[in-house]
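Here's the structure, in structure tokens; my notes come after.
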Amino acid sequence: MLKNKAYSKYYFRIVVEIMVLAILLLLNIGMVGAVTGTPDALQETQLQDALQMPGRLEANGTHSVFIRDDATGGNCTLVGTWDNSTKTCTLTTNLAETIQIDNDGITLNGNGHTITGRGMGNGVDLITRSHITIKNLIVEKFVSGIFLSQSDYNNLTNNTISNNSIGIYFLYYPSSFNNLTGNTVKNNINTGIIIRGHYNNFTSNIVSNNSDGFYIYSSANNTLKNNTISYNSDNGIFSDWGSYYNKFISNTISNNLGSGLIVRYGANNSFTENKVSSNSVGIIIANEGAYKIFNNYFNNSNNTQIFYSSGIWNITEQPGTNIIGGPYLGGNFWAYPNGTGFSQTCPDNNNNKDGLCDVRYTLTKNNIDYLPLAAKAATNNLIKNPGFESGTSTWIFYMNGNGKFTVAPPGYEGSKSGNVVLYTGSTNIQLYQKGISLEPKTPYRLSFAAYSTTGHDLKVKLIKHVSPFTRYGLDQTFNLSASWQEFSTEFTTTGFTGSINNGRLMFYLAPFAKAGDKYYIDNVRLEKI
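Letter by letter, the sequence shown follows residues 4 to 532 in the working numbering.
This is the structure we're talking about:
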């Protein structure tokens, strides 16, 4: 069943590529005909182009806006402003046309505007282009939101690509050395991002509610790092046919209806520091060679399915903070949502000094984690309901504006997280817990996971709960991104002499937060060191 479904998806993608290549060929034929036609025919073509400004009607029925390196930026001044010194086109209006960039070194700043298609063509075309920057653009209702073919050294930053057939598409011809950072790719009918290229970096993107999140085919030396990949109807990441030496680092992969990851018919791919939870299957490996998988967090009802493959599931034991905060690196953390996973129940007779299980974990005959991570011993966390699994209980939300506090998926650990949604701006936004007991002049450690949809920061304070709101030793700003990160800091209590029980630990969102922001917070821990 899995094999047949995967093959049908593969052939669907091949058909799409053939169709795109055919369209490109027709466009090239049309351009040649325009150039080689009679003067009258050429004048008629130019007249029709002028009547159809700001763009040209393409063979597939869509208009195009052309951005070029000339005095007006091609059609740029018809739809925005052109800075000739920086080669930047900044949109000042929404569009219903494809944007095609015809020269290298150009920046397209969408400035928050939307280009909307009619289910045909591509939103933005990059064909044999390099050193292009596309940022702050919303693209929806095209075949491909952003399309790259033989295009290298480009940057796609802070774009929203939604409701297309395919979100971002690297065509058959390799596109390499591109950087995609901070994009949101969601609600696309088929795949969020298709990769056919080498040495590309995909960092801090949110890829959700597509068919597959990422599909990687015949590609090498790409890096996927700090991405949030969730709620896709098939797989979070699908690494397929002839993909080698790709790195998957610190991604949060959760709540995908198929697998979190599926890798097959490649080799020498590595997976480390990923959080893979609440998927139907954590990772599927088939006919894959020489992979390395260590220091990952797996928490799925079915963590692995392995077929005709053997690989490495741990490194040599060495000091270093592992994925669950333990003091040694080794293998992976193996959990089940019901708390009976191998790492949750394995013996650790070293009194948890190394945080590694005392027995190996055999997945198959040729796939053994010799140093699985062990669950941390219970610690005295001063925060109640730290993972919001009990709803909003024990947490208090206040703002002098309009917003709400709920619990919502995805969780960094578990299925839930604290969610603050801001409908308006505010000068005072707090999410806090009160009645915390503290000892004077004592070292403590605060840790938590968080992100905001816009990457806006937050501050954490520890103060006296009532006036005069004395500071108790912690007042620190944390730099959030648009994907989950873990934060930890150590401090010594100040401002009181005897033991007290009136502490308030407060996440303070003003002045960083703006109207429309959403903050997610999880796994809050305050512990005496």
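Where is the CB? At the ideal position from N, CA and C, for every residue including glycine.
If you're wondering where the values come from, they're calculated on a predicted model, not measured in any experiment.
Sorting D86, I130 and V142 by C-alpha distance to the C-alpha of N97 places V142 at the top. For Q347, the enclosing alpha helix (DSSP H) covers residues F345 to T348.
In terms of Cβ geometry, Y426 and N403 do not form a close pair [threshold 8 Å]. By the Cβ criterion, the stretch 377-391 is not in contact with the stretch 246-258, since fewer than three pairs of Cβ atoms, one from each stretch, lie closer than 8 Å.
In summary, R121 is exposed, with fewer than 16 beta-carbon neighbours lying within 10 Å of its beta-carbon over all protein chains present.
Secondary structure of T187 (DSSP, three-state): strand. Note that the stretch 180-198 touches the stretch 161-169; at least 3 beta-carbon pairs, one per stretch, sit closer than 8 Å. DSSP assignment within the stretch 93-146 yields no whole alpha helix (DSSP H) run of 4 residues or more. When DSSP states are grouped into helix, strand and coil, T80 belongs to the helix group.
The Cβ atoms of F481 and F494 do not sit closer than 8 Å to each other.
Under DSSP, W337 takes part in a beta bridge, and its partners are F301. E530 and N383 have their alpha carbons spaced roughly 6 Å apart.
Proximity to A377 across D351, S396, N370 and S178 peaks at D351, based on C-alpha coordinates. Residue nearest to A453 within the set G195, H66 and T231 is T231 (criterion: CA-CA distance). Taking the C-beta atoms as reference points, D525 is found no nearer than 8 Å to G438. Take E276, set aside five residues on each side of it, and the residues of its chain with a beta-carbon closer than 7 Å to its own are I252, S253, N298, N299 and I326, in chain order.
In this structure, DSSP gives F241 an extended state, which the three-state scheme calls strand. The C-alpha of P412 is placed about 30 Å away from the C-alpha of S440. D243 sits away from Y202, with the two beta carbons spaced by 8 Å or more.
Between F510 and V463, the CB-CB gap stays under 8 Å. For L174, there is no enclosing beta strand (DSSP E), as DSSP gives it neither H nor E.
Shown here, S165 sits in a strand according to DSSP, grouped into three states.
Taken through DSSP and simplified to helix, strand or coil, I327 comes out as coil.
Burial check for S88: the Cβ neighbour count within 10 Å stays below 16, so the residue is exposed. Rounded to the nearest whole angstrom, the CA to CA distance from I197 to N504 is 54 Å. DSSP places V362 outside both helix and strand once states are collapsed to three, so it counts as coil. Straight through space, the alpha carbons of Y373 and T365 are spaced by roughly 8 Å. An exposed status is given to I532, since fewer than 16 other beta-carbon atoms sit within 10 Å of its beta-carbon. Classified as exposed, F472 has fewer than 16 neighbouring CB atoms from the shown chains inside 10 Å of its CB. Beta-bridge partners assigned by DSSP to E530: R448.
Each of F301, I265, I399 and G269 was checked against the Cα of P340, and the nearest Cα belongs to F301. Taken through DSSP and simplified to helix, strand or coil, R71 comes out as coil. The three-state reading of DSSP puts P322 in strand, counting E and B together.
Between I169 and the set V362, T194 and Q103, the nearest pair of CA atoms involves T194. Under DSSP, the beta-bridge partners assigned to S152 are I130.
In the DSSP annotation of this structure, the continuous segment of the beta strand (DSSP E) that includes N204 starts and ends at N204 to T206.
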